[in-house]
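**Q** Dropping a structure here in structure tokens format, bear with me for questions.
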Amino acid sequence: MSIPASEKEETESLKQTLIVGVGNPLLGDEGIGPYAVRNLSQLPMPPDVDLLDCGCDLLNLVSYMDKPKKIIILDAIRAGGKPGRIYRFDLDELETIQTTTRSAHQLQTVDALRLLKKVCPCLSRCEIIVIGIEPKVMELSGDLSEEVTESIADLTRLVLEEL
Numbered sequence: 019m020s021i022p023a024s025e026k027e028e029t030e031s032l033k034q035t036l037i038v039g040v041g042n043p044l045l046g047d048e049g050i051g052p053y054a055v056r057n058l059s060q061l062p063m064p065p066d067v068d069l070l071d072c073g074c075d076l077l078n079l080v081s082y083m084d085k086p087k088k089i090i091i092l093d094a095i096r097a098g099g100k101p102g103r104i105y106r107f108d109l110d111e112l113e114t115i116q117t118t119t120r121s122a123h124q125l126q127t128v129d130a131l132r133l134l135k136k137v138c139p140c141l142s143r144c145e146i147i148v149i150g151i152e153p154k155v156m157e158l159s160g161d162l163s164e165e166v167t168e169s170i171a172d173l174t175r176l177v178l179e180e181l
């Protein structure tokens, strides 16, 4: 049975939280975001939560900008900590933090969010949280490192607490 377009639009507009995975799963721990979104998709989610794998381009968010009140971005964050360490920042904190800029993203997460903020004024009404894990391996590999894999359960718990 298909949902009529008007009901589908109404259901989509009720989504209050968007959880976004960012990263390249072909580059080891750089794929933390998409991996975490796939992991979360296996769990029961509240009906007002949507999951999105943005791949390497956070600008794919532009089509969702008028809907959610909260966006949780999951990504690899290189901040010089021990591999597997989990970080949580709101957008203002993230803009002030100096991180290593090695990434396979089209744009760095902070740069993409700055651009989206200019392009989508509704972003200023939206709470943005970035949760990331310090990567160990960011080279050609389809697997996450052991340290990052061990942190996925804690990352999942943190995301669920945010909901």
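Numbered per our numbering, the sequence shown finishes at 181, counting up by one with no gaps.
Note that CB positions come from ideal geometry on N, CA and C, so glycine has one too.
Being a predicted model, the structure only gives us computed values, none of them experimental.
Does D172 pass the burial test, meaning 16 or more other C-beta atoms within 10 Å, or should it be called exposed?
**A** In the sequence shown, counting from the first residue as 1, residue 172 sits at position 154. Classification for D172: exposed.
**Q** If you reduce the DSSP assignment to three classes, tell me which class A94 lands in.
**A** Working through the sequence shown from its first residue, we reach residue 94 at position 76. Three-state result, A94: strand.
**Q** In whole angstroms, what separates the C-alpha of D108 from that of V40?
**A** Residue 108 sits at position 90 when you count from the first residue of the sequence shown. Residue 40 sits at position 22 when you count from the first residue of the sequence shown. Cα-Cα distance, rounded: 16 Å.
**Q** Would you say L162 and D47 are within 8 Å of each other, going by their C-beta atoms?
**A** Numbered from its first residue, the sequence shown carries residue 162 at position 144. Numbered from its first residue, the sequence shown carries residue 47 at position 29. Contact: yes.
**Q** To the nearest angstrom, how far is the alpha carbon of P43 from that of Q60?
**A** Taking the first residue of the sequence shown as 1, we reach residue 43 at position 25. Taking the first residue of the sequence shown as 1, we reach residue 60 at position 42. Each residue's Cα considered, the two are about 18 Å apart.
**Q** Buried or exposed: G98, going by 16 or more other Cβ atoms within 10 Å of its Cβ?
**A** Stepping through the sequence shown from its first residue, residue 98 is reached at position 80. Answer is exposed; the Cβ neighbour count stays below 16.
**Q** Would you kindly check if the distance between the Cβ of V148 and the Cβ of D71 is under 8 Å?
**A** By 1-based counting over the sequence shown, the position of residue 71 is 53. By 1-based counting over the sequence shown, the position of residue 148 is 130. Contact: no.
**Q** According to the neighbour-count rule (16 or more other Cβ atoms, all chains shown, within 10 Å of its Cβ), is G160 buried or exposed?
**A** If you number the sequence shown from 1, residue 160 lands on position 142. Exposed, since its Cβ has fewer than 16 Cβ neighbours within 10 Å.
**Q** Spatial neighbours of V155 within its chain, please: CB distance less than 6 Å, with the 5 preceding and 5 following residues excluded, ordered by chain position.
**A** Numbered from 1 along the sequence shown, position 137 holds the residue referred to as residue 155. Same-chain partners within the cutoff: G46, D47 and S163.
**Q** Apart from the five residues on each side of it in sequence, which residues of its chain come closer than 7 Å, Cβ to Cβ, to V166?
**A** The residue given as residue 166 occupies position 148 in the sequence shown. Correct list, in chain order: D47, I50, P101, G102, I151, P153 and K154.
**Q** Whose C-beta lies closer than 6 Å to the C-beta of I146 among residues of the same chain, with five residues either side of it excluded?
**A** Mapped onto the sequence shown, residue 146 falls at position 128. Around I146: I89 and L109.
**Q** Check D172 in the structure and name its three-state DSSP category.
**A** As a working mapping, residue 172 is identified with position 154 in the sequence shown. It is helical.
**Q** What residues match up with L178 in a beta bridge as DSSP calls it?
**A** Translated into positions along the sequence shown, residue 178 becomes position 160. Its beta-bridge partners do not exist; DSSP assigns none.
**Q** When DSSP builds the beta bridges, which residues end up paired with I37?
**A** Start at 1 with the first residue of the sequence shown, and residue 37 comes out as number 19. In DSSP, I37 forms a bridge with L69 and I90.
**Q** Mapping DSSP to helix, strand and coil, what is R143?
**A** Here residue 143 corresponds to residue number 125 of the sequence shown, with the count starting at 1. Helix.
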